[in-house]
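Mapping the sequence shown onto this note's numbering, position 498 (from 1) lands on 500, and the numbers just tick up by one. Think of the CB as a built atom: it goes at the ideal place given N, C-alpha and C, for glycine as much as any other residue. One structure is given below, encoded as structure tokens.
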Amino acid sequence: MPRPRLASLTAALLLAVPLHETRGEDTASRVLVLDPVLITARGRGSRLSATPGGLGLVRPEQITVEQPLSLTNITSRLPGVTKASDSAWGSAINIRGLSRNRVLFLVDGARVNTATDINAQFGTVNASDVQRIEVLKGPVSSLYGSGSIGGVVNVLTKSGSFQDEPGWHGELNNSLQTNPSGPNTYGNVTYGTDRWWVFASGSWRDHDSYEDADGNDVHNSQFTDHHGTLKLALKWDEEQMTEFQYQRLEARDVGVPGKGLSLPTGPDVAYPRTTRELVSLTHTIHPGSGALEESRVQLYRQEVGRRVEIDRFPGGPVNLIAPEADHVTLGARWQNTIVLAPHTVVGGLDVWNWSYKGERKKFLASGATIEDSPLADSEQLSAGLFAEDDWALTEALVLNLGARVDLMSSTSEEILRTISPPGPVMRGGQSEDDISWNAHVGLTWMAGERWSTTFLVASSYRSPDLLDRYKYLNLGGGGELFGNPDLDPEQSFFVEYGLHYTGPRVRVSGSLFANVIDDLIVDPSPGVGVRGMENVEEAEITGLELDAEWLMSPDLRAYGNVAYAEGVNKTRDEALSFVPPLNGLLGLRYGGNSGPWAQIETEWAANQSDVASAETRTDGWAAVNANVGYGFEAGHAHHDIVLSADNLFDTDYRNHLSTSRGFELREPGRNVQVTWRVLF
3 MPRPRLASLT AALLLAVPLH ETRGEDTASR VLVLDPVLIT ARGRGSRLSA
53 TPGGLGLVRP EQITVEQPLS LTNITSRLPG VTKASDSAWG SAINIRGLSR
103 NRVLFLVDGA RVNTATDINA QFGTVNASDV QRIEVLKGPV SSLYGSGSIG
153 GVVNVLTKSG SFQDEPGWHG ELNNSLQTNP SGPNTYGNVT YGTDRWWVFA
203 SGSWRDHDSY EDADGNDVHN SQFTDHHGTL KLALKWDEEQ MTEFQYQRLE
253 ARDVGVPGKG LSLPTGPDVA YPRTTRELVS LTHTIHPGSG ALEESRVQLY
303 RQEVGRRVEI DRFPGGPVNL IAPEADHVTL GARWQNTIVL APHTVVGGLD
353 VWNWSYKGER KKFLASGATI EDSPLADSEQ LSAGLFAEDD WALTEALVLN
403 LGARVDLMSS TSEEILRTIS PPGPVMRGGQ SEDDISWNAH VGLTWMAGER
453 WSTTFLVASS YRSPDLLDRY KYLNLGGGGE LFGNPDLDPE QSFFVEYGLH
503 YTGPRVRVSG SLFANVIDDL IVDPSPGVGV RGMENVEEAE ITGLELDAEW
553 LMSPDLRAYG NVAYAEGVNK TRDEALSFVP PLNGLLGLRY GGNSGPWAQI
603 ETEWAANQSD VASAETRTDG WAAVNANVGY GFEAGHAHHD IVLSADNLFD
653 TDYRNHLSTS RGFELREPGR NVQVTWRVLF
């Protein structure tokens, strides 16, 4: 986008005011919808309009209406958040031009560590089991440490609740769709009393490869998965509570038509089996008096198992390559909230250890088998201290200060060219230590009863992960890519200004941001010769976002957003790769939770011609989605019947952030879905 166009959009943001506001009484719940409370940014409840930095929230009713196949499909409705497609099941999330290992993924606050060259992590949670998704757009919080330089996605799953009157509750959710064709089924049940509750859920999905708008089968985009969850909570007394949960999702035969960052162009790639397993125990104390408002300890173990098959090689000596790996993260987090007016401090200790064990087998056309490893068995340990302070300078002015320091330690065993038959050592065992830090200063000014403005300056980091330091990829044709144990952390300097209006029926929010990243870790010469990862590049991403919602009447709501980001690779003096084009959403919804309702919206993106030298230009597109439903009470239960049509007019388009191997990966054509949901 030319600079004058960016300047015009900037001026529009700074002058933006609602042109019309409907008068009349409203309920508190309506106001809450317009200005929701998030917990991920500050570690405690904070209103979106009063929190410095870009935030996004996916609400449960949005998930119910959309019934998305992937978390990326629903989070991409937020301004500044875009889907980066490798497959229908495991797409990545791009936040303001950064993605993969620069975006931290949490499930119920537990860190998910895994390889990100080809994304699987966002497919390992069934969206039907999600209560809400909170997104931090950039390094806007000091609570999370390395990996959050591009932002944080915290998926909060459904659970039980304490009840004054003991009783059972549950949900059944079944749907059938046409593209990709197949069923989705989900259910949960919970029993609660005033002292304890138990919750269980499960799901199953089975989908064929999808078709694009021209009716062409997108080969190798199928998947099947199922999951189960068990949660328990016990209230010991009025001050102490303990929660336990176990989650497991297993996916089979997941096709990956996308190329990601490191796959060859010819063969098929699939996950014959991928799993995510989480076990966590959380104890929370709410003292009845004193400065300590809350103290919480969370212990967790999260494992991601990946089994990969790369086959259908177009000739040559290799028939099949079968890598497999287990990524285990052990974590402990102690977080405290202390209120000493006018200060509210959130601080604590965050420790996690990511261990990798894996191997790779190559089955040759000659009948021989070679075993090696894309990454030597290795571990990364992080121990960090963090603190944030909301300092109420006046009733209208709040200063937010935050800082974190982490001691990082990485170790790797030696890596052999081949394990079987025994081959030479390519690199001996390694051990690296470094200290990384981040800090921010934020300011919120309640300029009036309805207006607020926010400002944030932050410095953040991303310590090189295990793959950056120790991986080994044989890309064929003489191309080999090694990790580099001596890499420095990526450093970010981030600035954001926000302007917010929240009325009883109208909400308008806008932001301007800039993110300068130094020592960017990259493959210095993709596809060429033998090389290692390097700190060689400096990048700058600037942009703006607008988001608005208007309750035109109790039953009619209009909503929309627009986002623009411009990325520059300052080292190469060219556009930064994987930056989305100008894009947005515009919709209208009629009706409430009961009775008939309808919703129509359009998602769109402008053409992207400002691309890196290795990227392909992408045409603009617009797709229309429509939903109609009816909510009613029957048999002591609430029922929702929903008919949905995604890409209603069968628009043929390509997502600019999608990757492919020797072909153009198109998005799905028209998909019709019928859903029946029962709450009891």
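Residue i - partner residues in DSSP beta bridges
{"i": "Arg113", "result": "Leu108"}
{"i": "Lys85", "result": "Ile95"}
{"i": "Thr653", "result": "DSSP lists no partner for Thr653."}
{"i": "Phe1", "result": "There is simply no residue 1 to check, as the chain begins at 3 and stops at 682 in what is shown."}
{"i": "Leu483", "result": "Leu475 and Arg533"}
{"i": "Val381", "result": "With the sequence shown as reference, residue 381 is identified as Glu, and Val is not the correct amino acid for it. DSSP, once it has assigned bridges, lists Ser357 and Thr413 as partnering Glu381."}
{"i": "Ser646", "result": "Asn629 and Gln675"}
{"i": "Gly444", "result": "Asn402 and Leu458"}
{"i": "Arg49", "result": "Val39"}
{"i": "Arg452", "result": "Bridge partners of Arg452: none, in fact."}
{"i": "Trp393", "result": "His345 and Leu401"}
Classification of residue i by the beta-carbon crowding that lies within 10 angstroms, buried from 16 upward
{"i": "Arg419", "result": "exposed"}
{"i": "Asp435", "result": "exposed"}
{"i": "Asn609", "result": "exposed"}
{"i": "Asn402", "result": "buried"}
{"i": "Pro289", "result": "exposed"}
{"i": "Ser596", "result": "exposed"}
{"i": "Asp488", "result": "exposed"}
{"i": "His638", "result": "exposed"}
{"i": "His221", "result": "exposed"}
{"i": "Trp91", "result": "buried"}
{"i": "Ser646", "result": "buried"}
{"i": "Leu203", "result": "Residue 203 is actually Ser in this sequence, not Leu. Classification for Ser203: buried."}
{"i": "Glu240", "result": "exposed"}
{"i": "Leu342", "result": "exposed"}
{"i": "Glu213", "result": "buried"}
{"i": "Trp552", "result": "buried"}
{"i": "Arg619", "result": "exposed"}
{"i": "Arg679", "result": "buried"}
{"i": "Ala370", "result": "exposed"}
{"i": "Val427", "result": "exposed"}
{"i": "Gly62", "result": "According to the sequence displayed, residue 62 carries Pro and not Gly. Exposed: under 16 other Cβ atoms inside 10 Å."}
{"i": "Val532", "result": "exposed"}
{"i": "Arg197", "result": "exposed"}
Residue i vs residue j beta-carbon contact at 8 Å
{"i": "Gln69", "j": "Gln601", "result": "no"}
{"i": "Asp525", "j": "Leu483", "result": "yes"}
{"i": "Tyr273", "j": "Arg308", "result": "yes"}
{"i": "Leu587", "j": "Glu576", "result": "no"}
{"i": "Glu326", "j": "Glu373", "result": "no"}
{"i": "Ala565", "j": "Gly82", "result": "yes"}
{"i": "Leu108", "j": "Val157", "result": "yes"}
{"i": "Glu242", "j": "Arg298", "result": "Residue 242 is actually Gln in this sequence, not Glu. For Gln242 and Arg298, no; Cβs fall outside 8 Å."}
{"i": "Val155", "j": "Thr77", "result": "yes"}
{"i": "Glu547", "j": "Asp520", "result": "no"}
{"i": "Arg471", "j": "Asn486", "result": "yes"}
{"i": "Gly671", "j": "Asn649", "result": "yes"}
{"i": "Val67", "j": "Asn673", "result": "no"}
{"i": "Ser368", "j": "Pro316", "result": "no"}
{"i": "Glu542", "j": "Val570", "result": "yes"}
{"i": "Leu383", "j": "Ser411", "result": "yes"}
{"i": "Val1", "j": "Leu234", "result": "Any property of residue 1 remains undetermined from this structure, which presents the chain solely from 3 to 682."}
{"i": "Gly194", "j": "Gly217", "result": "no"}
{"i": "Asp270", "j": "Asp219", "result": "no"}
{"i": "Ile41", "j": "Ala129", "result": "no"}
{"i": "Asp391", "j": "Val347", "result": "yes"}
{"i": "Val306", "j": "Thr159", "result": "no"}
{"i": "Thr118", "j": "Asn96", "result": "no"}
{"i": "Tyr561", "j": "Gly589", "result": "yes"}
Closer than 8 Å to chain D by CB, residue i
{"i": "Asp521", "result": "The displayed structure is made up of one protein chain only, and chain D is not part of it."}
Ranges of the beta strand (DSSP E) found wholly within the region 118 to 168, counting only runs of at least 3: 132 to 138 and 154 to 159
contact_flag[the region 140 to 148, the region 436 to 444] where n(CB pairs < 8 Å) is 3 or more: Using a Cβ-Cβ distance cut-off of 8 Å, the region 140 to 148 and the region 436 to 444 are in contact, since at least three pairs of beta carbons, one from each stretch, lie closer than that value.
Inter-stretch contact at 8 Å, needing at least 3 Cβ pairs: the region 73 to 90 / the region 241 to 250: no
- prompt: Residue ranges of each beta strand (DSSP E) run of no fewer than 3 residues wholly in the region 535 to 612, ordered along the chain?
  reply: Runs of beta strand (DSSP E) with 3 or more residues, each lying fully within the region 535 to 612, are found at 536 to 555, 558 to 571, 585 to 592 and 597 to 607, listed in chain order.
message: Counting beta carbon pairs with one atom in the region 227 to 237 and one in the region 197 to 211, are three or more of them shorter than 8 Å?
response: yes
query: Of all the beta strand (DSSP E) runs that stay within the bounds of the region 279 to 340, which reach a length of 3 or more residues?
result: 294 to 313
message: Under 8 Å: do the region 47 to 63 and the region 489 to 505 share three or more Cβ pairs, one atom per stretch?
response: The region 47 to 63, when compared against the region 489 to 505, does touch it at the 8 Å Cβ threshold.
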